[in-house]
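Residue numbers (the working numbering): 831 to 1286.
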């Protein structure tokens, strides 16, 4: 039964990631919920919480230390994989509140400096936002030993029913930003076959209990919503003139990818200018149009293919590294239905239209590149500044490094990373791992320590 649950949950995760009709997604997820309701709790206890996994921790666990001072503009070290220090994780509440919960959710996390808390999206169907505390961060191989966040503000629709105005079909929240006593939210069409979405940004207040305070959706930039309808990050104060604004904003790798970037995308914006019929300016820093992909989409690559997803970005102010977080398929690229049977892989499928793809993690028809990894793409902020200054084209910038990010508690094999955010005061990076606690996400916490020597 546990094997069946893994396959079903993988299917759900796959349907959430690629452009399909909402009806298919609803039927698939409903099948999962109905088929697994009686065994989900047993499964989480016996499989997810009881397995000892010390070898899966990507970095040494250590008590938290204050971060290094902010770097000067144009200066600072570049982050390496060995600079990631794993501090631990915490769970989310499993309660159902007003018909929704964090199950199948945990996307678009955003650090709230005003309350040392996190805003986060709940269940994938409902796209409601809640605010949670940051509890004790513990490093443990058993999920049951982790602390659980408290609910500070229950789920609510931060757009006050306006989210559907970005366009027809299913809409997802792409990013959340608490900034200057306001709450900025982006939304994108899950499937935009015509590539017509232009409206993406909403402006509300951090008090989720206030009704009818949302404005929008508004346009940002001139390339289309597919490039800016996702993640946010703050620009360190010293870098704002070099990069062209106080906030980073982008999106990447959506279904119907021709409407978005073929690799990480990032623009500098001033949220104070979001609002009204005229698009707020968005200064390009890096993006990859269809003519200039980061790598060919239909190949095996360590940088990009059509299985790549980007879900968050962090500019750690003690460095000059801009870090994108997501997932990436590192195996041979294939399009078709997935199969766990090696003998079936490569054989005709769908009446010969496609071929079977070897993929034990994802059985649905679509893009495959098994195995999948949580992933980090690292860019030098000086390269982004060169784009802003006009010395480089946005697609000429390349990551100086990219690497897998190992997270404990995963057993699906599909590596669902929901988002990432950053607290500059503590230097902590928060990463949301989908399905880390059964159908609930887990929040992992990292620090960056560039003073450590490379392991010998």
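Every residue, glycine too, gets a C-beta built ideally from N, C-alpha and C.
Check	Outcome
Around the Cβ of residue 1016, are there at least 16 other Cβ atoms within 10 angstroms (buried) or fewer (exposed)?	buried
With distances taken from CA atoms, which of 1279, 1246, 1257, 1276 is nearest residue 937?	1246
Can you check which of these residues, 1068, 978, 1156, 895, is closest to residue 1083 by C-alpha distance?	1156
Pairs of beta-carbons, one from the segment 1171-1189 and one from the segment 1098-1118, closer than 8 Å: are there three or more?	no
So, at 6 Å on beta carbons, what are the nonlocal neighbours of residue 1038 in its own chain, with the 5 sequence-adjacent residues on each side left out?	983, 986
In the structure shown, what three-state DSSP assignment does residue 1012 receive?	strand
Counting pairs of beta carbons, one from the segment 1023-1041 and one from the segment 1054-1065, are three or more of them closer than 8 Å?	yes
Tell me the DSSP secondary structure of residue 927 in three-state form.	strand
Would you decide whether residue 1175 is buried or exposed? Buried here means 16 or more other CB atoms lie within 10 Å of its CB.	buried
Would you call the CB atoms of residue 1031 and residue 1014 closer than 8 Å?	yes
Could you check if residue 1071 is buried or exposed, using at least 16 other CB atoms within 10 Å of its CB as the buried criterion?	exposed
What are the complete beta strand (DSSP E) segments, minimum 3 residues, inside the segment 1207-1250?	1231-1234
Just how far apart, CA to CA, sit residue 1091 and residue 933?	29 Å
Report buried or exposed for residue 1107, applying the criterion of at least 16 other Cβ atoms within 10 angstroms of its Cβ.	exposed
In whole angstroms, give me the CA-to-CA distance for residue 1007 and residue 941.	8 Å
What would DSSP say about residue 1073, mapped onto helix, strand or coil?	helix
So, helix, strand or coil for residue 1166, using DSSP?	strand
Would the C-beta of residue 903 count as close to the ligand COA, meaning under 7 Å from any of its heavy atoms?	As presented, the structure is devoid of all ligands, the ligand COA included, so that no description of it is given.
Do you know how far the Cα of residue 1199 is from the Cα of residue 1164?	6 Å
Helix or strand or just coil, what does DSSP make of residue 932?	coil
Please tell me whether residue 1154 and residue 1225 are closer than 8 Å, where the distance is taken between their beta carbons.	no
Less than 7 Å between C-beta atoms, sequence neighbours within five positions excluded: which residues of the same chain meet that for residue 1173?	none
What are the complete beta strand (DSSP E) segments, minimum 3 residues, inside the segment 1079-1105?	1096-1099
Rounded to the nearest angstrom, what separates residue 1292 and residue 965 at their Cα positions?	Look at the range of the chain in this structure, 831 to 1286, and you will see that residue 1292 is not part of it.
Does residue 1271 come out as helix, strand or coil in the three-state DSSP assignment?	strand
Determine the direct distance from the alpha carbon of residue 1181 to that of residue 1149, and round the result to whole angstroms.	53 Å
If contacts are defined as beta-carbon pairs under 8 Å, then residue 1159 and residue 1129 qualify, I think. What distance do you get, rounded to the angstrom?	About 11 Å; that fails the 8 Å criterion.
Do residue 1272 and residue 967 have their C-beta atoms closer together than 8 Å?	no
Answer with buried or exposed for residue 1229, where buried requires no fewer than 16 other C-beta atoms within 10 angstroms of its C-beta.	buried
Beta-carbon within less than 8 Å of residue 1278's beta-carbon, same chain only, minus the 5 sequence neighbours each way: which residues are those?	897, 909, 913, 914, 915, 1146, 1148, 1149, 1257, 1259
Leaving out the 5 sequence neighbours to the left and right, which residues in its chain are closer than 8 Å to residue 1177 when beta-carbon positions are compared?	1185, 1186
Quick check: what's the CA-CA separation for residue 959 versus residue 903?	35 Å
If you follow the beta strand (DSSP E) that residue 1033 is in, where does it begin and where does it stop?	1029-1034
For residue 1000, count neighbouring Cβ atoms within 10 angstroms of its own Cβ and tell me buried if that reaches 16, exposed if not.	buried
Is it right to say residue 921 is buried, meaning 16 or more other beta carbons lie within 10 angstroms of its own, or is it exposed?	buried
Compute the beta-carbon to beta-carbon distance between residue 1205 and residue 1244, rounded to the nearest angstrom, for a pair I have assumed lies under 8 Å.	Contact flag wrong, Cβ pair sits at about 13 Å.
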